[in-house]
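Chemist: Just passing along the structure, written as C-alpha cells.
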Amino acid sequence: MIKLVPKDRTKWKKSTYSGHYDDGADYYEGIRCKCLRCERSFVFAPKEQKETFEEKGKFPGWLPALCQECNEHWLKARELEQKFSSDWALGSISIQDERHFLRCWLAAVEDASSYRRKGYDDKTGLIKKRLREIEGDA
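For what it's worth, my numbering labels the leading residue of the sequence shown as 159, then goes sequentially.
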C-alpha cells in the first residue's frame with residue numbers, strides 16, 4: 159500500500175505557489191525525473207518532496223537535477239574541490255609540491271564540473287595557466 163504524504167502549504171516559503179501540484183491536491187505524489195549526469199530515470203518521492211519544500215524551504219517548482227547516487231558523488235567531489243581551494247588560499251603549498259598539487263586540484267575541478275554545476279570554468283583556466291607557467295620554468 160502506498161503511504162500518502164500530506165502537504166502543509168503553510169510551511170512553503172510562498173504558500174500560494176503550486177509548483178507541480180494543482181490547488182486541490184492535498185498529498186505529494188512521486189514525480190519522475192531524469193538525472194543530468196547519468197541520464198537514468200528516478201522518482202522524486204513524496205517524502206523527499208515534503209522535506210525539500212517544507213523543511214528546507216525550496217520552492218515547490220524545484221526538481222532535483224541529479225539522482226541520489228550522482229548527488230552523493232557530487233557532494234564528495236565539491237567537498238574535495240573546496241579543500242584544494244582552501245589549501246591554495248592558505249598558501250601552504252611548497253614550490254616542490256605545487257605541480258602535483260595543481261594537477262590533483264585540476265582533476266578535482268574537472269570532476270566537480272562534470273556534474274553540470276556552474277562556476278568551475280574560470281578556476282580550470284587559472285589552474286591550467288599556472289601549470290603552463292610552472293612547466294615552462296622547468
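Just so it is clear, CB atoms sit at the ideal spot from N, CA and C, and this is done for glycine as well.
In this text, all values refer to a predicted model and were calculated from it rather than measured experimentally.
#1: Rounded to whole angstroms, what is the Cα-Cα separation between ARG261 and THR168?
#2: According to the Cβ coordinates, are TRP170 and PRO222 closer than 8 Å?
#3: Buried or exposed: which applies to TYR273, given that a residue is buried once 16 or more other Cβ atoms fall within 10 Å of its Cβ?
#4: For the beta strand (DSSP E) containing ARG190, list its first residue and its last residue.
#5: DSSP puts PRO218 in a beta bridge; with which residues?
#6: With ALA266 and LEU238 assumed to form a contact (beta carbons below 8 Å), what rounded beta-carbon distance in angstroms separates them?
#7: Are there 16 or more other CB atoms within 10 angstroms of the CB of CYS225, so buried, or fewer, so exposed?
#8: Rounding to the nearest angstrom, what Cα-Cα distance links LEU264 and THR282 in this structure?
#9: How many angstroms separate the CA atom of THR210 from the CA atom of PHE202?
#10: For SER199, which three-state DSSP category applies?
#11: Using beta carbons (cut-off 8 Å, strictly below), is LEU194 in contact with chain C?
Modeler: Quick answer:
#1: 49 Å
#2: Taking C-beta atoms as the reference points, TRP170 and PRO222 fail to come closer than 8 Å.
#3: Buried, since its Cβ has 16 or more Cβ neighbours within 10 Å.
#4: 189-192
#5: Paired residues: none, contrary to the question.
#6: 5 Å
#7: buried
#8: Distance from the CA of LEU264 to the CA of THR282, rounded to the nearest whole angstrom, comes to 6 Å.
#9: 10 Å
#10: strand
#11: The displayed structure is made up of one protein chain only, and chain C is not part of it.
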